[in-house]
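10 is the number of the first residue of the sequence shown in the working numbering; add one for each residue after it.
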Amino acid sequence: MTVPFLDLRVADAAATGAVRAALAEVVESRQLVLGPHVERFERAMAAYCGVPHAVGVASGTDALVLALAALGAGPGTAVVTTPFSFFATASAIVRVGARPLFADIDPATLNLDPAAVEATLAGAQATVVGLLPAHLFGRLAPMGVLRPLAARHGLWMLEDAAQAIGARADGTAAGAFGRAGCLSFYPTKNLGGLGDGGMVLTADPELAARIRRDRHQGQRAAYVHETIGLCSRLDALQAAALGAKLPHLDTWNAERRTIAGWYGSGLAERGLAGRPGAPLVAPAPAGAAHVFHAYVVRARERDRLRAHLEAAGVGTQVYYARPLHLQPALAHLGPRPGALPEAERAAAEVLALPIYPGLTHAQVDTVVEAIASYY
10 MTVPFLDLRV
20 ADAAATGAVR
30 AALAEVVESR
40 QLVLGPHVER
50 FERAMAAYCG
60 VPHAVGVASG
70 TDALVLALAA
80 LGAGPGTAVV
90 TTPFSFFATA
100 SAIVRVGARP
110 LFADIDPATL
120 NLDPAAVEAT
130 LAGAQATVVG
140 LLPAHLFGRL
150 APMGVLRPLA
160 ARHGLWMLED
170 AAQAIGARAD
180 GTAAGAFGRA
190 GCLSFYPTKN
200 LGGLGDGGMV
210 LTADPELAAR
220 IRRDRHQGQR
230 AAYVHETIGL
240 CSRLDALQAA
250 ALGAKLPHLD
260 TWNAERRTIA
270 GWYGSGLAER
280 GLAGRPGAPL
290 VAPAPAGAAH
300 VFHAYVVRAR
310 ERDRLRAHLE
320 AAGVGTQVYY
330 ARPLHLQPAL
340 AHLGPRPGAL
350 PEAERAAAEV
360 LALPIYPGLT
370 HAQVDTVVEA
380 IASYY
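Here is the structure:
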């Protein structure tokens, strides 16, 4: 049995009819950029995430750039963030002229380590204005510690919640813990569109107004541009498709947790994880605080295992083979190789296994058996 890493036809099957009907409505209306379809989806997302304001933009990367600029990050300032995330988490800081300061990760969760954040702040030479944690692979970063930490240091907090839509802790949704949160609707996300799309969530009306202005080339009134801004508008077709999928999101996230449970049980039963000396470290469940955008293990002989799985018909991915501080485009910012050992060790060990709504128990067993046959 082959097991693809991702099969969007299976994952999206429950919403296909509703998506097609929603797209037809947009085409018939001919209101394709911003307008009522986008506004309706923004209201739905604001209600779902428990915030007053949700601003649709063209991508998750643009959401970060627009939010950072609106929060005041720019030349002469620095933002503390994780070295182990998608490139945009750090590149967005550089795009607005600020400097990313990397703090190491917790080896158990792969999210920002609060103790490392404190150490980074203590050694900072620049004016630090904000903290940007990423909720990696769908698991909330430790908001109960990071939020008061940011407050003690007088920092705003911006969440990169691109991989964690629907994750919650103590009744608060991913993206609603800080001054603002950013979502991505890239097709592979738990709530994925038919192309690029993103959103900024916030409870701050002034911040929301600035982002609405700046997503539309700084335009406050017709042909009156207060800032340079971007051309970064969520189009109506994406908003309609996403709005049709949103009612399924909690069910899909629950299914991802179930599949993660199958993996955890299967790997433990075969002695592959969950005991000293096992060749894998499996991600621990975290209840509603983890939506398993990706099911990522840490594996001994990761690259050889991946080649073995590929030969067995099992798709995998590596997120991320190089931490951000060692990316060629960011390496001049420092720190040097070896300075963030947990991020660098994770980059050599992480392996993402197939997980998506519609993946069957038999397919999970196939993946587990293929791993067992290697070790």
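Every residue gets a Cβ at the ideal spot worked out from N, C-alpha and C, and that includes glycine.
For residue i, the three-state DSSP class (helix, strand or coil)
i: threonine 197; result: coil
i: aspartate 244; result: strand
i: methionine 152; result: helix
i: glutamate 48; result: helix
i: proline 313; result: In the sequence on display, residue 313 carries arginine and not proline. Three-state result, arginine 313: helix.
i: isoleucine 114; result: strand
i: alanine 340; result: helix
i: proline 142; result: coil
i: glutamate 235; result: coil
i: threonine 136; result: strand
i: threonine 91; result: coil
i: threonine 129; result: helix
i: leucine 164; result: coil
i: histidine 430; result: The question about residue 430 has no answer, for the chain in this structure spans 10 to 384.
i: valine 124; result: In the sequence as displayed, the identity of residue 124 is alanine instead of valine. Note: alanine 124 maps to helix in three-state DSSP.
i: aspartate 8; result: The structure shown has nothing for residue 8, since the chain only spans 10 to 384.
i: threonine 267; result: helix
i: alanine 24; result: helix
i: arginine 307; result: strand
i: methionine 54; result: helix
i: leucine 360; result: strand
i: histidine 192; result: The sequence as given places leucine at residue 192; histidine does not occur at that position. Reduced to three states, the DSSP call for leucine 192 is strand.
Cβ distance (whole Å) where residue i is taken to contact residue j below 8 Å
i: leucine 349; j: aspartate 113; result: 5 Å
i: leucine 167; j: proline 123; result: The Cβ separation is near 16 Å, so there is no contact.
i: leucine 276; j: valine 377; result: 6 Å
i: glycine 175; j: aspartate 312; result: In fact, because the Cβ distance is near 32 Å, the residues do not count as touching under 8 Å.
i: glycine 283; j: alanine 295; result: Going by Cβ atoms, the distance from glycine 283 to alanine 295 rounds to 16 Å, so no, they are not a contact pair.
i: alanine 23; j: histidine 257; result: 5 Å
With 16 other Cβ atoms within 10 Å as the buried cut-off, status of residue i
i: alanine 320; result: exposed
i: valine 306; result: buried
i: glutamate 215; result: exposed
i: methionine 10; result: exposed
i: glutamine 134; result: exposed
Cutoff 8 Å; reference residue i; Cβ partners in own chain excluding five residues on either side
i: glutamate 37; result: none
i: arginine 415; result: In the structure as shown, the chain begins at 10 and stops at 384. Residue 415 is therefore absent and cannot be evaluated.
i: glutamine 228; result: Arg222, His234, Glu235 and Gly238
i: glutamine 226; result: His234, Ile237, Gly238, Leu239 and Cys240
Residues near residue i in its chain [Cβ-Cβ closer than 7 Å; skip 5 each side]
i: proline 13; result: Gly324 and Pro363
i: leucine 75; result: Val66, Val209, Ile220, Asp223, Arg224, Leu239 and Ser241
i: proline 288; result: Leu281, Ala308, Arg309 and Tyr384
i: alanine 385; result: The structure shown does not extend to residue 385, since the chain is modelled only from 10 through 384, so no value can be given for it.
i: tyrosine 195; result: Gly69, Gly201 and Asp205
i: threonine 118; result: Arg148
i: histidine 46; result: Val35, Gln40, Ala245, Ala248 and Ala249
Neighbourhood of residue i by C-beta distance below 6 Å, restricted to the same chain and skipping five residues each side
i: glutamine 372; result: Val12
i: alanine 182; result: Cys58 and Gly59
i: glycine 268; result: One point to set straight first is that residue 268 is isoleucine, not glycine, in the sequence displayed. Ile364 and Leu368, listed in sequence order.
i: leucine 318; result: Thr325 and Ala379
i: serine 68; result: Asp205 and Gly207
i: phenylalanine 96; result: none
i: alanine 212; result: Val60 and Pro61
i: alanine 297; result: Arg177
Distance cut-off 7 Å: residue i Cβ against heavy atoms of the ligand NAD
i: leucine 216; result: The model depicted lacks the ligand NAD and carries no ligand whatsoever.
How about the region 87-107 and the region 130-139: do they share at least three Cβ pairs that are nearer than 8 Å? These segments touch.
How about the region 235-242 and the region 142-161: do they share at least three Cβ pairs that are nearer than 8 Å? No, the region 235-242 is not in contact with the region 142-161.
Does the structure place the region 243-254 close enough to the region 201-218 that three or more beta carbon pairs sit under 8 Å? Touching, yes, given that three or more Cβ pairs across the two stretches are closer than 8 Å.
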